[in-house]
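Each residue of the sequence shown is one higher than the one before, starting from 1 at the first, in full-length UniProt numbering.
For every residue, glycine included, the Cβ atom is placed at its ideal position computed from N, Cα and C.
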Amino acid sequence: MRIVLAEETRRVSVVASLAARALTRRMGWPRWLKMPKRRRAAERMVIAPPELRTGDPSVAADLYAGRYVLAGAVLLTNGGSVYELPPPSLEWHQALHGFGWLRHLRAANTPLSRAHARALIEEWISGPGRREKVARDPEVMARRLMAWLVQAPFLLDGAELRFSRKFLRALTSDARRLERARISPGAPRILSATALTLTGLCLPSEARMLRLGAQRLAIELSRQIKPDGGHVSRNPAVLLDLLLDLVPLRQTYGARNLEPPAALVAAIDRAMPMLRFFRMGDGAFAGFNGTGGGAADEMAAVLAYDDARGRPVMNATHSGYQRLEGGDAIMVADTGAPPVPPLSLDAHAGCLSFEFSVGPSRLVVNCGEAGHGRDKWRQVARATAAHSTATVNDTSSARFLTSRFLTRLFGAPVVSGPREVPVERHDAADGISLGARHDGYATLFNLAHRREWRLAADGRRLDGLDIFEPAKAGKPVAAGSTYAIRFHLHPGVRASRMREGRAVILGLADGSSWVFSAGSRTITLEDSVYLADPTGPRHTAQIVVSGSAVDEAEVRWSFVRAEGAQMNAERSGA
Numbered sequence: 001m002r003i004v005l006a007e008e009t010r011r012v013s014v015v016a017s018l019a020a021r022a023l024t025r026r027m028g029w030p031r032w033l034k035m036p037k038r039r040r041a042a043e044r045m046v047i048a049p050p051e052l053r054t055g056d057p058s059v060a061a062d063l064y065a066g067r068y069v070l071a072g073a074v075l076l077t078n079g080g081s082v083y084e085l086p087p088p089s090l091e092w093h094q095a096l097h098g099f100g101w102l103r104h105l106r107a108a109n110t111p112l113s114r115a116h117a118r119a120l121i122e123e124w125i126s127g128p129g130r131r132e133k134v135a136r137d138p139e140v141m142a143r144r145l146m147a148w149l150v151q152a153p154f155l156l157d158g159a160e161l162r163f164s165r166k167f168l169r170a171l172t173s174d175a176r177r178l179e180r181a182r183i184s185p186g187a188p189r190i191l192s193a194t195a196l197t198l199t200g201l202c203l204p205s206e207a208r209m210l211r212l213g214a215q216r217l218a219i220e221l222s223r224q225i226k227p228d229g230g231h232v233s234r235n236p237a238v239l240l241d242l243l244l245d246l247v248p249l250r251q252t253y254g255a256r257n258l259e260p261p262a263a264l265v266a267a268i269d270r271a272m273p274m275l276r277f278f279r280m281g282d283g284a285f286a287g288f289n290g291t292g293g294g295a296a297d298e299m300a301a302v303l304a305y306d307d308a309r310g311r312p313v314m315n316a317t318h319s320g321y322q323r324l325e326g327g328d329a330i331m332v333a334d335t336g337a338p339p340v341p342p343l344s345l346d347a348h349a350g351c352l353s354f355e356f357s358v359g360p361s362r363l364v365v366n367c368g369e370a371g372h373g374r375d376k377w378r379q380v381a382r383a384t385a386a387h388s389t390a391t392v393n394d395t396s397s398a399r400f401l402t403s404r405f406l407t408r409l410f411g412a413p414v415v416s417g418p419r420e421v422p423v424e425r426h427d428a429a430d431g432i433s434l435g436a437r438h439d440g441y442a443t444l445f446n447l448a449h450r451r452e453w454r455l456a457a458d459g460r461r462l463d464g465l466d467i468f469e470p471a472k473a474g475k476p477v478a479a480g481s482t483y484a485i486r487f488h489l490h491p492g493v494r495a496s497r498m499r500e501g502r503a504v505i506l507g508l509a510d511g512s513s514w515v516f517s518a519g520s521r522t523i524t525l526e527d528s529v530y531l532a533d534p535t536g537p538r539h540t541a542q543i544v545v546s547g548s549a550v551d552e553a554e555v556r557w558s559f560v561r562a563e564g565a566q567m568n569a570e571r572s573g574a
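#1: Can you look up Pro-138 in the DSSP assignment and give me helix, strand or coil?
#2: Near Gly-492, which residues of its chain fall below 8 Å by C-beta distance, leaving aside the five closest residues on each side in sequence?
#3: Determine the burial state of Leu-345: buried for a count of at least 16 other Cβ atoms within 10 Å of its Cβ, exposed for fewer.
#4: Taking all protein chains shown into account, do 16 or more other C-beta atoms lie within 10 angstroms of the C-beta of Ala-428, making it buried, or fewer, making it exposed?
#5: Given a threshold of 16 other Cβ atoms within 10 Å of its Cβ, counted over all protein chains shown, does His-539 qualify as buried or as exposed?
#6: Alpha carbon to alpha carbon, how far is Asp-328 from Asp-458? Give it in angstroms, no decimals.
#7: Per DSSP, what are the beta-bridge partners of Phe-487 in this structure?
#8: Excluding five sequence neighbours on each side, which residues of the same chain lie with their C-beta closer than 7 Å to the C-beta of Pro-128?
#9: Taking the straight line between their C-alpha atoms, what separation do you get for Gly-474 and Leu-447?
#10: Applying the criterion that 16 or more other CB atoms from any shown protein chain within 10 Å of the CB defines a buried residue, is Gly-213 buried or exposed?
#11: At what residue ranges does the region 163-245 contain a whole run of the alpha helix (DSSP H), taking only runs of 4 or more?
#12: If the criterion is Cβ atoms closer than 9 Å, does the pair Pro-341 and Val-415 meet it?
#13: Express the C-alpha separation of Tyr-68 and Val-560 in angstroms, rounding to a whole number.
#14: Where does the unbroken alpha helix (DSSP H) through Phe-405 begin, and where does it stop?
#15: Assuming the contact rule is C-beta atoms closer than 8 Å, Glu-369 and Gly-283 should be a hit. Round their C-beta distance to whole Å, please.
#16: Buried or exposed for Asn-235, going by 16 or more other Cβ atoms inside 10 Å?
#17: According to DSSP, which residues form a beta bridge with Arg-497?
#18: Do the region 383-396 and the region 404-414 make contact, defined as three or more Cβ pairs closer than 8 Å?
#19: Please identify the residue among Ala-147, Thr-335, Asp-157 and Ile-190 whose C-alpha is closest to the C-alpha of Leu-171.
#20: Please report the straight-line C-alpha distance between Ile-190 and Ala-65, rounded to a whole angstrom.
#21: Thinking C-alpha only, which one of Arg-419, Trp-453 and Asp-533 is nearest His-426?
#22: Whether or not the region 205-219 and the region 252-272 are in contact is what I'm after, with contact meaning three or more pairs of Cβ atoms, one per stretch, closer than 8 Å; do they touch?
#23: Does the region 434-449 come close enough to the region 460-480 that 3 or more CB-CB pairs lie under 8 Å?
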């Protein structure tokens, strides 16, 4: 009873905190403070920021044909106005009014694509699109401002004076509205400040906006970018999105012959090595806390601006992650507690999970983020069982807000979970050892999960140990507690059991093979799903080792690279 009350007390506390934040944000400024000052609209631009996000000319052809594929959803206009048709999803609607798709029209770079882009913008300015509630959302406004600024040369070169004036008036109006908007905590505040600062740099009449945006940006960067370069949300994808905006901002300062603010330069310098931290052997992201796969091209575009080109961070204690390297093997582990509730809307219950790659091949993965338009997978993807770690009593190590009424108001933040995750690391000539412990099951089952890893220096062996022990000394673990240790495999791995279920042979795409074993413990191969693939969910397998947290509280396991002779011996003994 006491355990249930403790969990419920934390849940009520989180909801009360979120309600207070939402009320403050919705109250906003008094009406007279919201009214824009009567300043003249900008009449010209002096510069445009560079674009780091890649465009696809084939998408431009789809747009011209009335096929809008945005945020994982599709809408066919069939000759109608895209701004007047019912949107297939909120994310699609936000993407439409954010105008990030303009880069595809620019990539086509034809007179037709240029005329089409201008027509769509003019229709939005003059028609009902501009008056849509979603178009006035601060995050959407910030995205639209940056998209218009970046694509301005494409839009304004050779344009009629009437269009140019209308475009600049709308851009200036949006920027001044954004100045007075209440912004949600976290990355949206950096996004908003970046958009205002860019606008001030590009429009010579907006020196005041430049100062205001730079001040806000400095404050938010100091709050949100941790000393090791990670973001407070613990979502690696957020870090990439921010750098895709912050790097062009820094470059625009230079193009204006202005010194970029020290806070901006320092944040980028910290974040670049952290971006490399999350890069696996295939060049794409490790899948933690809301990050899917892919993004290798965008990551490469950002890292091309990394002047230091240094090695990635290895010991990211502030962000709650660890990276081990040996030979061509890379292991990244989640060793941190969830972020505070307002910043945990994308956080997963994946404490002590890890991903493991060898060369360009991924071996062990988490299921990853489901991506836009796949809401039915979202709750599944956030659960502990979707991660390469241990679950206890079929329960996640972090719990989320689940009430339908409350989630409509606040989303689904983490309401309880690990509070302390102590970490020990030892780097030696023959390998790297790492140990961590979390208390996410303490209030429910008086159980703590401790995990140890050791990666050999040549990268040919990864050993692990999982221990289930009382969270509070002198008190037993909840009777009947069981665990399931999961190792989700990448879809490119071929897995088959051997030694009467005591080992699993794993074939990688490059032709190499690895052997997984867990001593005398029986191993099962079960179905799994890999959600992080850009093409959509893919069927895969997972290795599972189950047992009693009371009677079988320690499990040793290993992944060992197999040589040809060893492989033949393994197969003959199958």
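In short, the structure shows the following:
#1: As a position in the sequence shown, residue 138 is number 138, starting the count at 1. The answer is helix: DSSP assigns Pro-138 an H, G or I state.
#2: Taking the sequence shown and counting its residues from 1, the one referred to as residue 492 is at position 492. Only Ser-361, Arg-362, Leu-508 and Ala-509 meet the Cβ criterion.
#3: Taking the first residue of the sequence shown as position 1, residue 345 is located at position 345. Leu-345 comes out buried.
#4: Here residue 428 is taken as the residue at index 428 of the sequence shown, counted from 1. Its Cβ having fewer than 16 others within 10 Å, Ala-428 is exposed.
#5: Reading the sequence shown from its first residue, position 539 is the one you call residue 539. Burial call: exposed.
#6: Locating residue 458 in the sequence shown gives position 458, where the first residue counts as 1. Locating residue 328 in the sequence shown gives position 328, where the first residue counts as 1. Roughly 8 Å between the two C-alpha positions.
#7: Working through the sequence shown from its first residue, we reach residue 487 at position 487. Paired residues: Ile-543.
#8: Reading the sequence shown from its first residue, position 128 is the one you call residue 128. These residues qualify, in order along the chain: Tyr-83 and Glu-84.
#9: Within the sequence shown, residue 474 is the residue found at index 474, counting from 1. Within the sequence shown, residue 447 is the residue found at index 447, counting from 1. One C-alpha to the other measures close to 12 Å.
#10: Locating residue 213 in the sequence shown gives position 213, where the first residue counts as 1. Answer is buried; the Cβ neighbour count reaches 16.
#11: 187-202 and 207-224
#12: Taking the sequence shown and counting its residues from 1, one reaches residue 341 at position 341. Taking the sequence shown and counting its residues from 1, one reaches residue 415 at position 415. Yes, the Cβ-Cβ distance between Pro-341 and Val-415 is below 9 Å.
#13: Residue mapping note: residue 560 aligns to position 560 of the sequence shown, counting from 1. Residue mapping note: residue 68 aligns to position 68 of the sequence shown, counting from 1. Their Cα atoms are separated by approximately 47 Å.
#14: As a first step, residue 405 is located in the sequence shown; it is residue number 405 there, counting from the start. That run of the alpha helix (DSSP H) goes 404-410.
#15: Against the sequence shown, residue 369 aligns to sequence position 369. Against the sequence shown, residue 283 aligns to sequence position 283. Going by Cβ atoms, the distance from Glu-369 to Gly-283 rounds to 18 Å, so no, they are not a contact pair.
#16: Your numbering for residue 235 matches position 235 in the sequence shown. Classification of Asn-235: buried, given that the 10 Å Cβ count is 16 or more.
#17: In the sequence shown, counting from the first residue as 1, residue 497 sits at position 497. In DSSP, Arg-497 forms a bridge with Val-504.
#18: no
#19: Indexing the sequence shown from 1 puts residue 171 at position 171. It is Ala-147 whose Cα lies nearest to the Cα of Leu-171.
#20: Sequence index remark: in the sequence shown, residue 190 carries index 190 (1-based). Sequence index remark: in the sequence shown, residue 65 carries index 65 (1-based). Distance between the alpha carbons of Ile-190 and Ala-65 is about 35 Å.
#21: On the sequence shown, position 426 is the one that residue 426 refers to. Among Arg-419, Trp-453 and Asp-533, the Cα nearest to that of His-426 belongs to Trp-453.
#22: yes
#23: yes
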